[in-house]
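J.: The structure is given below, and queries will be raised subsequently.
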Amino acid sequence: MSARIIDGKAAAARVLEQVRDDVHTLKAEGIEPALAVILVGNDPASEVYVRNKIVRAEEAGIRSLEHCLPADCSEARLLALIAELNNDRSVNGILLQLPLPAHIDEARALQAIAAAKDVDGFHSENVGGLSQGRNVLTPCTPSGCMHLLKETCGDLTGKHAVVVGRSNIVGKPMAALLLQAHCSVTVVHSRSTDAKALCQLADIVVAAVGRPRMIDAGWLKPGAVVIDVGINRIDDQGRSRLVGDVDFDNVLDVGFRHHPGARRRRTDDHRFSDEKHSDRCQ
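Residues in the sequence shown are numbered from 1018 upward in steps of one, following my numbering.
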């Protein structure tokens, strides 16, 4: 059975168009959405991510406000900036770029962001609300994956889904969203003893473990739908390049897959969908 590659870029374009329309409606009502982006330090990868997010925000018609702090910024200074943005009624969403420098408590900083402005969905109120099935701001990568799965598969009821990875950013919220879609969900991780066997039973596999090309054709049953969230940098004959958690060429004759680059774009578009939702919450 040959694979059909899912066009994540096309799905992202449709989401962006919907967000753009919704933003236009908000502006007609006198609401101009604004997203504050905080970057601490000068990590090259983080700078690229922030730049891409700002570009996508502008494409959606959302005003972006970039706040760059030095790497030696104190935790108190960061928390003061977050408090200022929480109280600024012209700011509808706050995005804190991760990772943070080691001397700053990441959990404390994320918790300091007002839940209604937490477009990444990392605040405990949003995490708890997601587990209860409430309409809250949710992490953008899992939301984007769910959008793609529903476009590809339609009704997910009764599907056996395996999530490879248990991070707070992707794995755990992904499992919660799949449960809400009435899937039977299994989470495998670094301590699982039978990860490969469990994946072989899955109708849906979401790979989010951060191990390059870990999943090959031997992990999958024919016709499985595979979403590769992994972004890993490897050395390839002296050149650095990005690969996913799934060995793309190896699985082409087994299942479905989309390109990791499309995941990044779709993630940003769902973040701006959350930004639009946060406007309505305030």
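Beta carbons: idealized from backbone N, C-alpha and C, even for Gly.
This one's a predicted model, so the numbers in the text were calculated from it and none came from an experiment.
Between S1135 and C1090, what straight-line distance do the alpha-carbon atoms span, to the nearest angstrom?
T.: As a working mapping, residue 1135 is identified with position 118 in the sequence shown. As a working mapping, residue 1090 is identified with position 73 in the sequence shown. It should be noted that the sequence gives Asp, not Ser, for residue 1135. The alpha-carbon atoms of D1135 and C1090 are separated by roughly 22 Å.
J.: My understanding is that L1033 touches Q1114, with C-beta atoms under 8 Å, so please give their C-beta distance in whole angstroms.
T.: The residue labelled residue 1033 in the question sits at position 16 within the sequence shown. The residue labelled residue 1114 in the question sits at position 97 within the sequence shown. No, L1033 and Q1114 are not in contact; Cβ-Cβ is about 21 Å, not under 8 Å.
J.: Is it right to say N1059 is buried, meaning 16 or more other beta carbons lie within 10 angstroms of its own, or is it exposed?
T.: Along the sequence shown, read from residue 1 onward, the residue named residue 1059 stands at position 42. The Cβ neighbour count for N1059, taken over all protein chains shown within 10 Å, is under 16; the residue is labelled exposed.
J.: For the candidate residues R1073, P1116 and E1076, whose alpha-carbon lies nearest to that of A1088?
T.: One-based indexing of the sequence shown puts residue 1088 at position 71. Closest by alpha carbon: P1116.
J.: Apart from the five residues just before and just after Q1217, which ones in its own chain have a Cβ nearer than 6 Å to its Cβ?
T.: Stepping through the sequence shown from its first residue, residue 1217 is reached at position 200. Here the set comprises K1238.
J.: If I measure Cβ to Cβ from L1215 and keep anything under 6 Å in the same chain, skipping five residues before and after, which residues do I get?
T.: Taking the first residue of the sequence shown as position 1, residue 1215 is located at position 198. Closer than 6 Å at the Cβ level, and outside the excluded window around L1215, lie V1179, T1203 and V1205.
J.: Kindly confirm or deny that the stretch 1126–1145 and the stretch 1073–1088 touch, where touching means at least three C-beta pairs closer than 8 Å.
T.: no
J.: Would you call the CB atoms of R1183 and K1189 closer than 7 Å?
T.: What you label residue 1183 is simply residue 166 of the sequence shown in a count that begins at 1. What you label residue 1189 is simply residue 172 of the sequence shown in a count that begins at 1. Between R1183 and K1189, the gap from beta carbon to beta carbon is short of 7 Å.
J.: Can you tell me which of A1045, G1240 and I1232 puts its alpha carbon nearest to the alpha carbon of V1260?
T.: Reading the sequence shown from its first residue, position 243 is the one you call residue 1260. Here the closest residue by C-alpha is I1232.
J.: If L1166 and I1248 are in contact, beta carbons under 8 Å, what's the gap, nearest whole angstrom?
T.: To locate residue 1166, count along the sequence shown from 1; it is residue 149. To locate residue 1248, count along the sequence shown from 1; it is residue 231. Actually they are not in contact, since the Cβ atoms of L1166 and I1248 sit about 19 Å apart, beyond 8 Å.
J.: Please report the straight-line C-alpha distance between R1258 and V1153, rounded to a whole angstrom.
T.: Looking up residue 1258 in the sequence shown gives position 241. Looking up residue 1153 in the sequence shown gives position 136. A straight line joining the alpha-carbon of R1258 with that of V1153 spans about 36 Å.
J.: Would you give the residue range spanned by the alpha helix (DSSP H) that R1031 belongs to?
T.: Walking along the sequence shown from the start, residue 1031 turns up at place 14. Here the alpha helix (DSSP H) through R1031 covers G1025 to A1045.
J.: Quick one: grab the DSSP three-state call for G1146.
T.: If you number the sequence shown from 1, residue 1146 lands on position 129. If DSSP states are grouped into helix, strand and coil, G1146 belongs with the helices.
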